[in-house]
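Residue numbers (the working numbering): 531 to 687.
Cβ coordinates follow ideal geometry from the N, Cα and C atoms, glycine included.
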């Protein structure tokens, strides 16, 4: 397993992967040195994440290899269908999975998503529009949703 650490506006992110694909992207809560040279198998992921944060990328084209249960992988695959700049509720997510009663299981799988941003779990919100539950912290979820918002705030001056 190869690793890379990159700077993002939300902290240092750790990427893990190998020739089978990207298996993990997590944001670290401590300051870690970032890498200046990246393993070849992670170069494209680093490049695409930088483009995302620069506002130049809305979709990722990476080979993904997350580790999880079949149900978790089904949820993570469904999360990838949520368009950039859009949100759905946890109830909507469970409906998309074909079982409205699976809302808690879907929310749990959402929270265990190992591929921060690339599998956009931040786009799932409460039915009332509230920013509920985000493993990376609600301040990061809020930032990501604002970053993807079609109506960017403009300065008055």
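Can you tell me which of the three DSSP states residue i falls into?
{"i": "residue 686", "result": "Residue placement at residue 686 is flagged as unreliable, the pLDDT there being 49, under the threshold of 50; a coordinate-derived value is accordingly withheld."}
{"i": "residue 615", "result": "coil"}
{"i": "residue 679", "result": "coil"}
{"i": "residue 600", "result": "helix"}
{"i": "residue 546", "result": "strand"}
With a threshold of 6 angstroms on Cβ separation, who are the neighbours of residue i within its own chain once the five nearest residues in sequence on each side are excluded?
{"i": "residue 626", "result": "608"}
Quick one: is residue i buried, meaning 16 or more other Cβ sit within 10 Å of its Cβ, or exposed?
{"i": "residue 624", "result": "buried"}
{"i": "residue 615", "result": "exposed"}
{"i": "residue 548", "result": "exposed"}
{"i": "residue 641", "result": "exposed"}
{"i": "residue 644", "result": "buried"}
{"i": "residue 678", "result": "buried"}
{"i": "residue 630", "result": "exposed"}
{"i": "residue 666", "result": "buried"}
Can you name, in chain order, every residue of its own chain whose Cβ lies under 7 angstroms from the Cβ of residue i, other than the five neighbours on each side?
{"i": "residue 534", "result": "545, 565, 568, 569, 572 and 576"}
{"i": "residue 741", "result": "A query on residue 741 cannot be resolved here, the shown segment of the chain reaching from 531 to 687 and no further."}
List the DSSP bridge partners of residue i.
{"i": "residue 535", "result": "544"}
message: If we require 4 or more residues per run, which alpha helix (DSSP H) segments fall completely within the region 556 to 584?
response: Those alpha helix (DSSP H) runs which fall completely within the region 556 to 584 and span 4+ residues are 573 to 583.
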